[in-house]
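Novice: As numbered in numbering that gives the first Met the number 0, the sequence shown has no gaps in its residue numbers, which increase by one up to the final residue, 310.
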Amino acid sequence: MSRRPGNPSRRFGENGGGLFSSSKYKSSPILSIALIVVGALFLIAYMYKGPGGFGRLDSVSRVEEIKRQCKFLSFMQINRMFISYDYFLLGGLHLNDCWVQSSDLFKNPCSCSAPKGDYLCSGEVQRAIPILQQAYGDSMHKVLHVGPDTCYVVSKLLKEDEAEAWGLEPYDIEDADSNCKALIRRGNVRVADIKFPLPYRPKSFSLVIVSDALDYLSPRYLNKTLPDLARVSADGIVIFTGFPSNNQKAKVADVSKFGRAAKMRSSSWWTRFFAQNNLEENEAASKKFGQASTKSSYVPSCQIYHLKSLH
0 MSRRPGNPSR
10 RFGENGGGLF
20 SSSKYKSSPI
30 LSIALIVVGA
40 LFLIAYMYKG
50 PGGFGRLDSV
60 SRVEEIKRQC
70 KFLSFMQINR
80 MFISYDYFLL
90 GGLHLNDCWV
100 QSSDLFKNPC
110 SCSAPKGDYL
120 CSGEVQRAIP
130 ILQQAYGDSM
140 HKVLHVGPDT
150 CYVVSKLLKE
160 DEAEAWGLEP
170 YDIEDADSNC
180 KALIRRGNVR
190 VADIKFPLPY
200 RPKSFSLVIV
210 SDALDYLSPR
220 YLNKTLPDLA
230 RVSADGIVIF
240 TGFPSNNQKA
250 KVADVSKFGR
260 AAKMRSSSWW
270 TRFFAQNNLE
280 ENEAASKKFG
290 QASTKSSYVP
300 SCQIYHLKSL
310 H
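In structure tokens:
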């Protein structure tokens, strides 16, 4: 008895080989690609938001913003093959308060963390340490930091190779943590009122970095304090100070601690002040710092001034 041939068209459809029978499997990759494209475009637009590229954050929202961006990057990690081209062109991603290198982004997109402390520019110093190292070289091996949250800055500096770091806290450290207390016991950090002559000999340090502290001083005390900071440095002084747009209502606790509210001054004000006190810009260091910042896509959230030491 001859065998009746089966219906080839029926067999083809039942086996899932028909043109339309596999459409549900083909639509899924198309949808994924579309989502990847939209997600990548959103990421690029998000990175370049606001005037001047990356948006600046105030001291209140910076930590929450980093957490939000890290969550977004964790989601985008699944689309790494698509966005890798754009992100390698950038050399990494700038997350406002931290920089994720290209080699680290997809290993752990949230490996960066917000600088420690409660003061905007002291946190900015922690971010700027790699840039300062490129600009000042060996001068970063013996550094004095002056300002609130100096324990955090000194701890960060001491982690660098062959670095010696000291800190001067202008105000009482009532709520110091165990790490800060250890630095005080070892003599790396001390408390001193910067309105009076600093307890150091001339050129005691290669570089002096001051952040936030000058914003709480009136011009009367600035006239004495800033030249004194330049006196104890051998290779220069770096000032981190807030932008006028960062002026906020003073907290009651801050006023009672510092004696006055912070005053964020404009660049033109600082330029006049430096000239009146015979403080010259360190043009060589400023140029190197600018070049290193551009190369690393570093965008500071504070004003930064480079001054020469007093000899």
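For each residue, glycine too, the CB sits at the ideal point set by N, CA and C. Since the model is a prediction, treat every value here as computed from it, not as a measurement.
1. Below 8 angstroms CB to CB, which residues in the same chain sit around residue 140 once its five sequence neighbours on both sides are set aside?
2. Return the CA-CA distance between residue 156 and residue 222, expressed in angstroms with no decimal places.
3. Classify residue 242 as helix, strand or coil using the three-state DSSP reduction.
4. Which ranges does the beta strand (DSSP E) cover as unbroken runs of at least 3 residues, wholly within the segment 130–196, from first to last along the chain?
5. When burial is assigned at 16 or more other CB atoms within 10 Å of the CB, is residue 36 buried or exposed?
6. Hey, out of 165, 168, 200, whose CA is closest to residue 310's CA?
7. Please report the residue range of the beta strand (DSSP E) in which residue 304 lies.
8. How long is the line joining the alpha carbons of residue 291 and residue 237, rounded to whole angstroms?
9. Suppose the cutoff is 7 angstroms on Cβ atoms and the five residues either side in sequence are ignored; what does the same chain contact list for residue 299 look like?
10. Hey, how far is the Cα of residue 39 from the Cα of residue 32?
11. Measure the alpha-carbon distance for residue 261 versus residue 304 and round it to whole angstroms.
12. Indicate whether residue 146 and residue 227 have their beta-carbon atoms separated by less than 9 angstroms.
13. What is the DSSP secondary structure of residue 298, counted as helix, strand or coil?
14. With respect to the alpha helix (DSSP H) encompassing residue 266, which residues constitute its N-terminal and C-terminal limits?
15. For the alpha helix (DSSP H) containing residue 221, name the first residue and the last one.
16. With distances taken from CA atoms, which of 203, 197, 193, 198 is nearest residue 213?
17. So what does residue 42 bridge to, in DSSP terms?
18. Quick check: what's the CA-CA separation for residue 289 versus residue 301?
19. For residue 279, which three-state DSSP category applies?
Specialist: This is what the structure gives:
1. Here residue 140 is taken as the residue at index 141 of the sequence shown, counted from 1. Excluding residues within five positions, the ones whose Cβ falls inside 8 angstroms are 161, 162, 163, 205.
2. Start at 1 with the first residue of the sequence shown, and residue 156 comes out as number 157. Start at 1 with the first residue of the sequence shown, and residue 222 comes out as number 223. About 28 angstroms.
3. For this step, residue 242 is matched to residue 243 along the sequence shown. Looking at residue 242 - three-state DSSP - the assignment turns out to be coil, as it is neither helix nor strand.
4. 141–145, 163–168, 188–190
5. The residue labelled residue 36 in the question sits at position 37 within the sequence shown. It counts as exposed.
6. Stepping through the sequence shown from its first residue, residue 310 is reached at position 311. Answer by Cα proximity: 200.
7. Counting from one through the sequence shown, the residue named residue 304 turns up at place 305. Here the beta strand (DSSP E) through residue 304 covers 302–306.
8. Mapped onto the sequence shown, residue 291 falls at position 292. Mapped onto the sequence shown, residue 237 falls at position 238. Those two C-alpha atoms are separated by around 15 angstroms.
9. Translated into positions along the sequence shown, residue 299 becomes position 300. Cβ neighbours of residue 299 beyond the five flanking positions: 123, 127.
10. Reading the sequence shown from its first residue, position 40 is the one you call residue 39. Reading the sequence shown from its first residue, position 33 is the one you call residue 32. Their backbone Cα atoms lie some 10 angstroms apart in a straight line.
11. Counting from one through the sequence shown, the residue named residue 261 turns up at place 262. Counting from one through the sequence shown, the residue named residue 304 turns up at place 305. Distance between the alpha carbons of residue 261 and residue 304 is about 18 angstroms.
12. The count along the sequence shown starts at 1 and reaches residue 146 at position 147. The count along the sequence shown starts at 1 and reaches residue 227 at position 228. Result no, Cβ atoms of residue 146 and residue 227 do not sit closer than 9 angstroms.
13. Locating residue 298 in the sequence shown gives position 299, where the first residue counts as 1. Residue 298 falls in the coil class under three-state DSSP.
14. Working through the sequence shown from its first residue, we reach residue 266 at position 267. Unbroken alpha helix (DSSP H) run through residue 266: 266–275.
15. For the purposes of this step, residue 221 is identified with residue 222 of the sequence shown, where counting begins at 1. Taken as a continuous stretch (DSSP letters only), the alpha helix (DSSP H) holding residue 221 covers 218–230.
16. In the sequence shown, the residue the question calls residue 213 occupies position 214. The shortest C-alpha separation from residue 213 is found at 193.
17. Here residue 42 refers to the residue found at position 43 of the sequence shown. Beta-bridge pairing links residue 42 to no other residue.
18. Position 290 of the sequence shown, counted from the first residue, corresponds to residue 289. Position 302 of the sequence shown, counted from the first residue, corresponds to residue 301. The alpha-carbon atoms of residue 289 and residue 301 are separated by roughly 14 angstroms.
19. For the purposes of this step, residue 279 is taken as residue 280 along the sequence shown, with counting starting at 1. DSSP places residue 279 in coil when its eight states are reduced to three.
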